[in-house]
Structure formats: C-alpha cells, structure tokens
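Below is one structure, written out as structure tokens; the observations come after it.
There are 2 protein chains.
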Amino acid sequence: MITSVSNVFKNLQLENEELKVVESIFSEVTYKKGDTILQTNEKVYYQYYVVKGCLRTFFLDTKGKEHTIQFAINDWWISDYIGYFSESESVLSIECITNATVLKVAKKDLDNTYEKVPKIEHFFRKKLERSTVRFQKRILNNLVLSAKERYHLFLQTYPNIEQQIKNYHLASYLGITTESLSRIRKEAL
Amino acid sequence: MITSVSNVFKNLQLENEELKVVESIFSEVTYKKGDTILQTNEKVYYQYYVVKGCLRTFFLDTKGKEHTIQFAINDWWISDYIGYFSESESVLSIECITNATVLKVAKKDLDNTYEKVPKIEHFFRKKLERSTVRFQKRILNNLVLSAKERYHLFLQTYPNIEQQIKNYHLASYLGITTESLSRIRKEAL
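Protein sequences, first through last, are from chains A and B. Under the working numbering, think of the first position of the first sequence as 23, with each following residue one higher. Under the working numbering, think of the first position of the second sequence as 23, with each following residue one higher.
Encoded structure:
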C-alpha cells in the first residue's frame, strides 16, 4: 500500500513526514470485474487513482441509453467530478470493466491536506490543467473529427484496452452505434 | 488598475506584499466591440479575466461553421485553454462581442507566482475545479437536454447577455440553427 501512494506522487519528491500525511488519507480497494463503485444519486465523496485495471464512468439518459464519459486505466484518475467537486449527488455511474485495484481519497481529506503539504495542491492543480486540456479536446474532436478518426484517436489515447472493453462501451464513448463501430473496424483491417 | 487586480482575488485576503507580486503580472487591456484577441494557430500566452464586457471563444470547423465554446462576462475568465495549458498553438479564436476591459496574465508569470504566493495556487486550483464542473455539465446537458431546455439553462447561466450577443453566437453555442433558435424564442413568449 505504502509503495502505491508514493508511486502516485513519484515526481513530487515528498519528505517522509509529508508522505506519511498523504498516505494516511488514501485507502486501497480491490474490485471485481462488473462491480459498480458508484451509482447515480449517491453523494460523491471520493476520487479514484487506478493502480491496476480498467474502469469507466457512464451516464444513463432518460431513454435508457448509456453514454461512456471516460475510461481510466493504470495511472489515471476517475470520479463523477461534478458530484465530487460540487459536493453533490452523482449523475454518473462508475463501473469496473476488469478486476481493479484503486486508491481512493475523499475530497474533504484532500482539502485538509493542501495547506499541510503544498506540493499536493501543486500536483492537483497541474492534474486539473491536464484534464481541462483533455476534456476540451474531446469536445472539439466530437465537433470536427469523423467517427473513424475518433476511433483511431481512442486507440492512441488508451493503448491496449480495446480487448478489455465491450463493443457497446466503446461505441457509447465514440457516440456511434455498435454497427458503425463494426464497420469502422472492418475498414481498418 | 490596482483596484481591479485586488478585486479578482477579493476573497483571498492577500497581504500587501503578496498583492504587489500579483499585480505586477497582470495588465489591463481595453478592446473594441468586434476585436479579435486571439486568432487560431497563434501561440497562446495569456488567460483573460473580464472586468467589463462580453467575449466568446469559438471554433471554426473545416466547413466554415462556427462553434461557440464559451461566453465570458464580468468576473469570468476566458482563453483557449488547450493552447494555454499545453503551451501550444490556438485552435480557438477569442472575440469581443462588446467593448471590453480585461486583465491578462501569462502562464509563465502565474507559474512563477504559485511558489511565492501559495494563496494564488489555491485560488487557481479552486477555479479549475469549478470550470471542470461547468464543462462536464455542458457535455452532459448536450446529451440529455432538448434545445429548448438548453436555451433556458443558458439564460440562467448568463443573465442579461442575450441582448448583447447575435443570434448566430447563441445558436452556435446551443448547437442549433438560428431558425430553431427563433422558433424556441417565439414559443417562450
């Protein structure tokens, strides 16, 4: 467990005392393939760092259609960030696509840590900058790229996870039907 | 000018010395209605705090169609955040919809300030959390709300700016045609 948390912040060069503070707010949890970590309309307390495995967040619309918002693999973070940052109830679900090991941390514990360990606030500010870039790119790519181009970009962004996820996961991430996805795959062969 | 910068950080209770450091990295700039602050394919150095006026970022797709990504009114921030955070070239344009006064700050100057004035890093971490919530809500709202519902949400989010912006600005923000927008407005009367 201790190794895992220090690994999350490996570039920060935390002092031993700082590392102890940070380790005390993370807990390691193991899930089985298919487990739901968060359901909709639950209070969102945690964000999750993926040690191992593959997870996704998805939104279920009023017609029962799933929209995959994000995948997370090793060394990525995942949560319902609307609920997490605004301390409100979830609109997304978080599901384990494979067996998974995660480190979870509660917002209130992180908020208390920023003052004690400014390097941690620095880390999360930088992480938010990167995720802003990613989310804005995703919005623009949906406007400008064809489904085929979005598929190839997905393969670059999440290497080696295509085998682990179901067709409808990926189709619902790309915003296309599973039939269109099959067609695109055939063309790519 | 001094009043403006302290107003941006009014909740931070900066010491005089801290305020001086922060003031030194901001500059006030005045623009005319219709001015373009940033064009595509320019290196993005700045983000902008709106003191007065209304600005927008938009993306011009390969078919020549504009997509309005964000509006910013008094007390909001605006930039091409992909370019700004990843220190790359702009994909968006920033345009002044009205005469505008902004405070601009360069990424490199802010990055140098975080260590000197940790309260500023705290401020921008919180700002990024709020903008993450806003952007994720926008993605979900586009998936789940009707054009009519998105229009009414826009009126709540940006009160009093409907009169200042052109029909095609708003239509390109809502992802609908100007004809659909006219129809929705008529129904709302």
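A virtual CB, placed ideally from N, CA and C, is assigned to each residue, including glycine.
7 Å Cβ shell around TRP98 (chain A) - same chain, five flanking residues per side excluded: VAL72
Bridge partners - TYR70 (chain B), DSSP secondary structure assignment: B:ILE100, B:LYS126
Opposing strand residues paired with GLN92 (chain A) [DSSP bridges]: A:THR79
Through-space distance from LYS208 (chain B) to GLU143 (chain B), alpha-carbon basis: 46 Å
Cβ shell of PHE107 (chain A) (< 8 Å), same chain only, five flanking positions each side left out: LYS129
Limits of the beta strand (DSSP E) - the one that PHE31 (chain B) falls within: Counting along the chain, PHE31 (chain B) falls outside any beta strand (DSSP E), and DSSP gives it neither H nor E.
Secondary structure of VAL113 (chain B), DSSP reduced to three states: coil
Nearest candidate by alpha-carbon position, reference ILE100 (chain A), set A:LEU150, A:ASP83, A:GLY197: A:LEU150
Short Cβ contact (7 Å threshold) for VAL139 (chain A) with ILE47 (chain A): no
Residues bridged to VAL51 (chain A) [DSSP beta-bridge criterion]: A:VAL124
Exposed unless 16 or more other CB atoms sit within 10 angstroms - verdict on SER115 (chain A): buried
9 Å Cβ cut-off: residues of chain B touching SER153 (chain A): LEU150, THR154
Buried versus exposed call for ALA210 (chain A) [16 or more other C-beta atoms within 10 Å across all chains shown]: exposed
Under 7 Å between C-beta atoms of GLU42 (chain A) and GLU111 (chain A): Glu is not the amino acid found at residue 42 (chain A); the sequence shown has Lys there. In this structure, GLU111 (chain A) does not lie closer than 7 Å to LYS42 (chain A) by Cβ.
Selection from B:ASN63, B:VAL44, B:ALA122 that minimises the alpha carbon distance to GLU109 (chain B): B:ASN63
Cβ of TYR70 (chain B) within 7 Å of any chain A Cβ: no
Where ARG147 (chain B) falls, given that 16 or more other Cβ within 10 Å makes a residue buried: buried
SER115 (chain A): contacting residues in chain B (beta-carbon distance under 8 Å): Residues of chain B passing the Cβ test: none, with the nearest at roughly 13 Å.
Distance CB(THR123 (chain A))-CB(LYS74 (chain A)) smaller than 7 Å: yes
Stretch pair the segment 179 to 194 of chain A + the segment 76 to 96 of chain A: three plus CB contacts closer than 8 Å: yes
C-alpha distance - VAL113 (chain B) paired with GLN69 (chain B), whole-angstrom precision: 15 Å
Residue-level contact to chain B via CB, SER110 (chain A), 7 Å cutoff: no
Simplified DSSP assignment, three categories, for LEU60 (chain A): strand
Amino acids of chain B, ordered along the chain, whose beta-carbon sits closer than 7 Å to that of TYR190 (chain A): Within chain B, no residue comes near TYR190 (chain A); the closest Cβ sits about 16 Å away, beyond 7 Å.
Per-residue DSSP class, three states only, for LYS188 (chain B): coil
Terminal residues of the alpha helix (DSSP H) in which LYS149 (chain A) lies: 140 to 166
Residues near ALA169 (chain A) in its chain [Cβ-Cβ closer than 7 Å; skip 5 each side]: LEU196, ILE198, SER202, ILE206
Any chain A beta carbon closer than 7 Å to ASP131 (chain B): no
Secondary structure of LYS42 (chain A), DSSP reduced to three states: helix
Assigned secondary structure, LYS216 (chain A) (DSSP; H/G/I helix, E/B strand, else coil): As displayed, chain A neither begins before 23 nor continues past 211, which places residue 216 (chain A) out of reach and without an answer.
Contacting residues, own chain, Cβ-Cβ under 7 Å from GLN92 (chain B) (five flanking each side not counted): ARG78, THR79, ILE100
Beta-carbon proximity check, ILE59 (chain B) vs ILE183 (chain B), cutoff 7 Å: no
Limits of the alpha helix (DSSP H) - the one that LYS170 (chain B) falls within: 169 to 179
CB-CB length for THR179 (chain B) against TYR103 (chain A), believed under 8 Å: So it is not a contact: roughly 18 Å between Cβ atoms.
Any non-hydrogen atom of the ligand ATP within 6 Å of GLU111 (chain B) CB: Although the ligand ATP was asked about, the structure shown includes no ligands whatsoever.
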